[in-house]
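Residue numbers (the UniProt record's numbering), protein chains in the order written: chain A, 1 to 295; chain B, 1 to 403.
First the structure, in the form of structure tokens, and then the observations on it.
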Amino acid sequence: MQELVATASLGSVYLLFALGLSAAWGTIGILNFAHGAIFVSASYACYELLAIQQLPVQVLAVIAVAVGALLSVVMQVLVFDQIRKRAKSERAAETRILIGGIGAAMIPVAIASHRTKNLAFGLQGSGFQASVWEFGGVRITSIQVVTVLCALGAATTLGWYLKRTRAGLALRSLGVDDQVAALMGIDRRRYAWATMAFAGGLAGLAGVLLTLNLGAISAESGDALLVKAFACVVLGGVGSTTGVVVGCMTLAASETWVLTQTSGMWVEAVSFGIIFVVLLLRPQGIFGRQEVRRV
Amino acid sequence: MEPFGPKHSQKRSRGQLVGGVVLASSLFLAGCGGTAAGPGGAGPSSGDELPETVKVMVSVPLTGPAAFAGAEAEKGYELAAAEINESGFLGDGVTLEIDVRDTQASVQKAASDVTAAIADSEVTAVLGSLSSAEALAQSPIAEKQKMPIVYIQAGSPGVILGDYTYRFPTPMSSYYNILSEQIAKEGWTSIGMVYGAWVPTLKELGEVAIPEMAEELGIEVTSSVATQQTTQDFSAPIKQVLESDPDVVSILQIGPANATAMQQLRQAGFDGPVLGNSSAGANTLEPAGENGAGMIWPVDFAPGTDDPASIEFIEKYKTANNDEEPFPYAAEAYDATWFVAKAIEAAGSANRGAVKDAMVEMAGGTWTGALGSDLSFEENSLKVNGTVIEWDGTRENVLYSAN
Chain A
1 MQELVATASL GSVYLLFALG LSAAWGTIGI LNFAHGAIFV SASYACYELL
51 AIQQLPVQVL AVIAVAVGAL LSVVMQVLVF DQIRKRAKSE RAAETRILIG
101 GIGAAMIPVA IASHRTKNLA FGLQGSGFQA SVWEFGGVRI TSIQVVTVLC
151 ALGAATTLGW YLKRTRAGLA LRSLGVDDQV AALMGIDRRR YAWATMAFAG
201 GLAGLAGVLL TLNLGAISAE SGDALLVKAF ACVVLGGVGS TTGVVVGCMT
251 LAASETWVLT QTSGMWVEAV SFGIIFVVLL LRPQGIFGRQ EVRRV
Chain B
1 MEPFGPKHSQ KRSRGQLVGG VVLASSLFLA GCGGTAAGPG GAGPSSGDEL
51 PETVKVMVSV PLTGPAAFAG AEAEKGYELA AAEINESGFL GDGVTLEIDV
101 RDTQASVQKA ASDVTAAIAD SEVTAVLGSL SSAEALAQSP IAEKQKMPIV
151 YIQAGSPGVI LGDYTYRFPT PMSSYYNILS EQIAKEGWTS IGMVYGAWVP
201 TLKELGEVAI PEMAEELGIE VTSSVATQQT TQDFSAPIKQ VLESDPDVVS
251 ILQIGPANAT AMQQLRQAGF DGPVLGNSSA GANTLEPAGE NGAGMIWPVD
301 FAPGTDDPAS IEFIEKYKTA NNDEEPFPYA AEAYDATWFV AKAIEAAGSA
351 NRGAVKDAMV EMAGGTWTGA LGSDLSFEEN SLKVNGTVIE WDGTRENVLY
401 SAN
């Protein structure tokens, strides 16, 4: 039972992080490799604010969402929009966006790294202390409960928005063919900004929740999460919200299982081995659609 | 939509390929050297007199995960160089010039720094990386190309290869058993471990040093779980360790992972003692607050020491750094720089071979410096006694020192 709590908690952190990555990649075609830097920057901004003024965690969460959304939109405007504008083809733009994201990520990470001297930083200045509850020998903390609720809430809202609203339909149409969508009157730029704001906001929220959950992160903590979130999105199927949920929980469950049942040495090999096998059998991911190209 | 994944993989593969080519080139250059010295020959003057400027390259990580340690070490290197030059230690008009290079946490960059030093005929010696992975790339090149190199930290086996490679101090595993005293005193009979297997020093501690210490003390290792570089949540391995009901838990992690593991250990209901490692120092446990209290670990140097030579260094360091207390990295770097300077002075030459000969002789005697008095060398590494530190939730306190 304790393994289930660990899986749900870890999977929810991956989910909060991966949802934004998946939303931007699956709709407006931006695979944002600066997502980890946004995640760290939002948490770091809260850390710096706490040095000036003690703030409750609820306020910190709102600030982190705002910082994440702002940074993400700034990257869209200054980096990704510019790349798309100058690229001769969609294919050329995709590669440059990837590299542009990696390059842009280095700036906020370098600032946080320099300011913290690459030491661990946390949000203990908020005075927050997670409560620990025990039910029949199973221990769970308040921050784990909040993380799971936030992740499931965000996934449900995103899934509903994409499937049940006209705006969601428009967004999905951009993911299928943005040129045809533009001919249908869909303003790609407006949707791109909104999607990036949503993705960045989720990264910011994940940053604060993970920092509270772990106690401390460092300027480079986003890198490890980025690799895992990328794997979760690919495993679940790009563009599928349900797929991201399943991908994140599968990775978290396999990691937890290996870490609780073995010496831990094979955790990466087993977890990513499972993903590899699934992708061999189903290259489009568990919930991904087969790509159809009409000539 | 065209999937991005494969393209990304190709980019990474290309990056790795380029990195591999750089490293291979460095190693190839090293290999081509044969028995002769490298492109720089024997280094600076082979005559009897020292040149006006004796150049020493420092190659440490100043960015990346170990940046903090690198930055602290840099203060030690610079303090020692300033003292050497102000006191005219190398002779009238002779200046020791420290050329600081950032390895950028890259093994390839660390290797290419040493290759560049060898190619530069003005460089007499290198003060090598504190990262084991980087030092392991630097050592074969330096040893083969006859470039004296002195490391700090870098506790992995394989860093010390011969008369051209030295280390301040011995690896943590060599003095970790100073904790035996505390274990015996408290009567702990079992230990569980969560260790970062991706760090050579911690792997050595978790798989060799602690099991050996446990065997000597007659205590049982109830559970041992390895974690990887990407592990951020430690609740699963902690659960596995606590199920084996140990008296004491050993958390061997790097940087923020120490604070995380301590917080999750306490949240999992364990309120007993915890054995850590020196990377839990430098206030790394501060974010864990009260949950961090109770971790103890051995260090080669602590500001609370009563050794007169160490106290002298601490005073000098505080004067030069706005009353800040030094961390071990600064003390190690300070001693490593003085070791190089003393070898140059004893050799009376900046020639690499002559400096190496002087280092061999010095390593046969005793050493007094920031790390302590009358210390000896063991296989070209300075042997330290160790001091045990305890984190009380707000600060580090010296628990006891080895005799």
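Beta carbons are placed, not taken as given, at the ideal position from N, Cα and C, and that holds for glycine.
These figures come from a predicted structure and were not determined experimentally.
- Contact check for B/N385 against B/S401 passes: the beta carbons are separated by less than 8 angstroms.
- Taking A/W25 as the centre and dropping the five residues before and after it, the same chain places the C-beta of L31, V233 and V238 closer than 7 angstroms to its C-beta, in chain order.
- Of the candidates B/Y176, B/T170, B/A288 and B/G76, B/Y176 places its Cα closest to the Cα of B/L275.
- DSSP places B/K356 inside the alpha helix (DSSP H), whose first and last residues are R352 to M362.
- The CB of B/P65 comes closer than 8 angstroms to the CB of N118, S218 and E220 in chain A, given here in chain order.
- Just so you know, the alpha carbons of B/I149 and A/S240 end up roughly 54 angstroms apart.
- Apart from the 5 residues on each side of it in sequence, B/K55 sits with its Cβ closer than 7 angstroms to the Cβ of E97, D99, E122, V123 and T124 in its chain, given in chain order.
- Excluding its 5 nearest sequence neighbours in each direction, B/G393 has C-beta neighbours in its own chain below 7 angstroms: G289, E290, G292 and A293, listed in chain order.
- Shown here, B/F168 sits in a strand according to DSSP, grouped into three states.
- B/Q232 sits away from A/A130, with the two beta carbons spaced by 8 angstroms or more.
- Residues of chain A whose Cβ lies closer than 8 angstroms to the Cβ of B/S224 are, in chain order, S263.
- It is roughly 9 angstroms from the alpha-carbon of B/E204 to the alpha-carbon of B/P157.
- For B/E378, the pairing in a beta bridge is given by DSSP as B/S381.
- With respect to chain B, the C-beta atom of A/S113 has a partner C-beta closer than 8 angstroms.
- A check of alpha carbon separations from B/T305 across B/F339, B/L375, B/E345 and B/L399 identifies B/L399 as the nearest.
- Counting only unbroken stretches of 3 or more residues, the beta strand (DSSP E) elements lying wholly within the region 120 to 179 of chain B are 123 to 127, 149 to 152 and 165 to 168, in sequence order.
- In terms of beta-carbon proximity, B/T260 lines the interface with chain A, with at least one pair separated by less than 8 angstroms.
- With contact defined as three or more Cβ pairs closer than 8 angstroms, the region 163 to 172 of chain B and the region 349 to 369 of chain B are in contact.
- Counting of Cβ neighbours within 10 angstroms places B/N380 among the buried residues, the total reaching 16 or more.
- Between A/L210 and B/P237, the C-beta spacing is not below 8 angstroms.
- Using a CB distance below 9 angstroms, no part of the region 142 to 156 of chain B faces chain A.
- Taking A/S12 as the centre and dropping the five residues before and after it, the same chain places the C-beta of T147, V148 and A151 closer than 6 angstroms to its C-beta, in chain order.
- Following the DSSP letters along the chain, one finds B/A69 inside the alpha helix (DSSP H) bounded by residues A67 to E86.
- In the structure shown, B/V221 falls within a strand segment according to DSSP collapsed to helix, strand and coil.
- Linking A/G236 to A/Y14 through their CA atoms gives a straight-line distance of about 13 angstroms.
- Cβ-Cβ distances below 7 angstroms link A/A112 to V40, S41, Y44 and A219 in the same chain, with the five nearest sequence neighbours on each side left out; the list follows chain order.
- The contact set of A/K228 on chain B, defined by CB atoms closer than 8 angstroms, consists of T230 in chain order.
- The CB of B/Q108 never comes closer than 9 angstroms to any CB in chain A; the least such distance is about 18 angstroms.
- In terms of Cα proximity to A/A224, the closest of B/I219, B/T230 and B/Q240 is B/T230.
- In this chain, the alpha helix (DSSP H) harbouring A/W160 covers S142 to R164.
- Leaving aside the five residues that flank B/K75 on each side, the residues in its chain whose CB is nearer than 7 angstroms to its CB run, in chain order, N321 and A330.
- Between A/Q179 and chain B, the shortest Cβ-Cβ separation is not below 8 angstroms.
- Contact check for A/I38 and A/G204: beta-carbon distance about 7 angstroms, within the 8 angstroms limit, so the pair qualifies.
- Residue range P328 to A347 is occupied by the alpha helix (DSSP H) that includes B/W338.
- Per DSSP, reduced to three states, the secondary structure at A/P108 is helical.
- At a Cβ-Cβ threshold of 8 angstroms, B/Q253 and B/G206 do not count as neighbours.
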